[in-house]
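The block underneath contains the structure these notes are about, expressed in structure tokens.
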Amino acid sequence: MAPYSASKHAVVALTKTAALEVAESGVRVNSIHPSPVDTSMMEELEKGSGDEETAKEEYISTIPLGRYAKADDISKLALFLASDDSTFISGSQYRIDGAMGAQQ
């Protein structure tokens, strides 16, 4: 878990640093931090556990909204951040995690 945690924290620091470095050029930098997403990656993780159904139930039980994120959930946030509706947003990290972060 140490390398995984270190890489996640690095993304946060890189987001902030890059946002400051390119702000004068009008470039915005933000990062998106999703919870488990209903993709083939999660299916593979579930399969690798030996008991797919139990693994899926355990993963989902950690998400207060009671489901995996959908790819569309993530893409809609990315589209918002790329749109003119977010022209003053930069250097921010967006958790899209079904309230998982609220538990900490």
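Heads up, the sequence shown is in our numbering, so the first residue is 28 and it goes up one at a time.
Built from N, CA and C at the ideal position, the CB exists for glycine as well.
Give me the Cβ distance between A96 and P63, rounded to the nearest whole Å; I'm assuming they're in contact under 8 Å.
Sequence index remark: in the sequence shown, residue 96 carries index 69 (1-based). Sequence index remark: in the sequence shown, residue 63 carries index 36 (1-based). Between A96 and P63 a beta carbon distance of about 7 Å is seen, short of the 8 Å cut, so the two are scored as contacting.
How many angstroms separate the CA atom of V49 from the CA atom of G125?
For this step, residue 49 is matched to residue 22 along the sequence shown. For this step, residue 125 is matched to residue 98 along the sequence shown. A direct Cα-to-Cα measurement between V49 and G125 gives close to 31 Å.
With DSSP as the reference, please indicate the residues paired to M32 in a beta bridge.
The residue labelled residue 32 in the question sits at position 5 within the sequence shown. Before going on, a small fix: residue 32 reads as Ser here, not Met. Under DSSP, S32 forms no beta bridge with any residue.
Integer Cβ distance of V56 from S117, believed to fall under 8 Å
Translated into positions along the sequence shown, residue 56 becomes position 29. Translated into positions along the sequence shown, residue 117 becomes position 90. So it is a contact: roughly 6 Å between Cβ atoms.
In the DSSP assignment, find the unbroken beta strand (DSSP E) run with S58 in it and report its ends.
As a working mapping, residue 58 is identified with position 31 in the sequence shown. Per DSSP, S58 belongs to the beta strand (DSSP E) from 57–61.
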